[in-house]
Amino acid sequence: MNLEIASPEHSRQLVEFYKGFPLKGLVELKVDRDGDFFAPYSIQSDKHLTYMLKEDGQLEGTASFVVRDVMLDGRPTSVAFGRDLRISSNRKVILEWSQHFLPVMQEVGRTLGAQYFFSVMSMSDAQALNAFVRPRNMKRPLPRYYLFRRFNVVSLHGRMPWAQNPLPHLRIRRATPAHLDALIYYISQQSASKELATVWDTTSFNEKLERWKGLKLEDFLIALDSKDNIIGCVAPWSSGGLQDFIPMEYSLRAHNFRQFLKFGKTFGWTRTLTKPYSRVKIEGTLNFKYLNFLFADNEDIFASLLWRAYDDAEENEFLLYTQPRADIMYRSPLNWISAKMPYGVYLLLPPDQTTPSFLNPRNEKSLEIEPFFAF
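Okay, so the sequence shown: first residue is 3 according to this note's numbering, each after it adds one.
What follows is the structure in structure tokens.
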């Protein structure tokens, strides 16, 4: 059994292999990166590696690591995010990968300069949690998982009939080059109190926006006060063509929610979800906008930004954003029809490494993570 580093010519093979591992949860989702398997990584960083585990030329497992510069414990730090671990159910392959996990982390740290390793996991995925976070045999050569922060992925599907924009006269404008310096300053100030923030100055913002395919300065919505100071911002963006989510089957709870959305659409309250493949035998993608760079000075400004982003989206699109558990202000407003999915950010440490200071419970800083990179 061989462990190889993937290259661009492996993209098609990786895409097809990846499709065979749907995301489990209330909705079973197939992830489609038909254009380029590595495209989501390139948006995050120029430094990423994908490992392929093969037996007799047959792909049996993949794991990717994306190294990014983030603010951690008050200073810029290079960290690696483990993504898209997919291993076949073959027990031999599972045991083989467990032997490679720690050496791979060491190689990524050595070649790409990663100081720490993080992974995002769904708190609803009991199988993954049991396999990695709660291994029964502590002598297995696997890293230890430490819960760093929790967050929710919130989806907004409509508004209650009595809902009102809390600040209907708030000035919300599209960003222009004239707003750039003020926008960077505002985002940097908002991110200063958050762990894993990726913008702290002009250089980090420009580098991030330059890599982000399809996202432009004019896509930003900025809220302005009477003195033209920025008091909130958001950047709606769609990943269509880069990474699409195809609903294969809805659980009973999700099915009932989808039926409610169909009913609400009749009265103009909601937007419907895509029909599952199990019913129509057609692979249709979920239509939504990610809300990136979502910051606001207070709850009313936040709700008004959501209102504007929802009105600007297409009639079949809903909204998606991340809400750190510690940031109560970013909870879904009560007059919205919404759903949420719990996630956790875990720190991965080799068994012989001591826990870093930022894991101390006295570190109460919130988390920053873009919704596109949460899956």
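Where is the CB? At the ideal position from N, CA and C, for every residue including glycine.
Quantities reported herein were computed from a predicted structural model and do not represent experimental measurements.
1) Considering only C-alpha positions, which residue in the set P335, L288 and T268 is nearest to G243?
2) What three-state label does DSSP hand P326 in the structure shown?
3) Take the Cβ of D227 as the centre, count every other Cβ of all protein chains shown within 10 Å, and call the residue buried at 16 or more, exposed below.
4) I'd like the span of the beta strand (DSSP E) that includes I224, first residue to last.
5) Is it buried or exposed, L296, if we count other Cβ atoms within 10 angstroms and call 16 or more buried?
6) For chain E, is any of its Cβ atoms less than 8 Å away from the one on E98?
7) Measuring CA to CA, which of S240, S195, L223 and L182 is closest to T205?
8) Looking at C-alpha atoms only, which residue of V122, E251 and P249 is the closest neighbour of E370?
9) Compute the distance between the beta-carbons of R88 and G63, then report whether it is under 8 Å.
10) Would the segment 214-225 count as touching the segment 169-183 if we require 3 or more Cβ pairs under 8 Å?
11) So what does R77 bridge to, in DSSP terms?
12) Taking DSSP as the reference, what is the three-state secondary structure of H102?
13) Please report how far the alpha carbon of E109 lies from the alpha carbon of F19, in whole angstroms.
14) To the nearest angstrom, report how far apart L31 and W239 are at their CA atoms.
15) How long is the line joining the alpha carbons of Y312 and K94, rounded to whole angstroms?
16) Compare the beta carbon distance of F119 and A82 with 8 Å and say whether it is the shorter of the two.
17) From K267, L51 and W271, pick the residue whose C-alpha is nearest to that of L5; which is it?
18) Does the beta-carbon distance from Q101 to P143 come in below 8 Å?
19) Report whether the distance from the Cβ of D34 to the nearest heavy atom of the ligand NAP is below 7 Å.
20) Taking 8 Å as the threshold (C-beta atoms), are L169 and D302 in contact?
21) Looking at the structure shown, is D246 part of a helix, part of a strand, or coil, going by DSSP?
22) Give the DSSP-derived three-state secondary structure of H50 in the structure shown.
23) Consult DSSP for A199 and reduce its assignment to one of helix, strand or coil.
24) To the nearest angstrom, how far is the alpha carbon of S13 from that of R85?
25) In this structure, does DSSP put W164 in helix, strand or coil?
26) For P145, does the three-state DSSP call read helix, strand or coil?
27) Anyone know if the C-beta pair for L322 and F360 falls short of 8 Å?
28) Reducing DSSP to helix, strand and coil, say where I303 ends up.
29) Could you tell me which of I248, K264 and P344 sits nearest to D34, measuring between CA atoms?
30) Grouping DSSP H, G and I as helix and E and B as strand, with all else coil, what is P125?
31) List the endpoints of the continuous alpha helix (DSSP H) containing D183.
Short version:
1) L288
2) strand
3) exposed
4) L223 to L226
5) buried
6) Included in the structure is just one protein chain, with no chain E present.
7) L182
8) V122
9) yes
10) yes
11) L74
12) helix
13) 24 Å
14) 20 Å
15) 48 Å
16) yes
17) L51
18) yes
19) Among the ligands in the structure shown, none appear at all, so the ligand NAP cannot be discussed.
20) yes
21) strand
22) strand
23) strand
24) 16 Å
25) coil
26) coil
27) no
28) helix
29) I248
30) Position check: residue 125 holds Met in this sequence, whereas Pro was assumed. Reduced to three states, the DSSP call for M125 is coil.
31) L182 to S193
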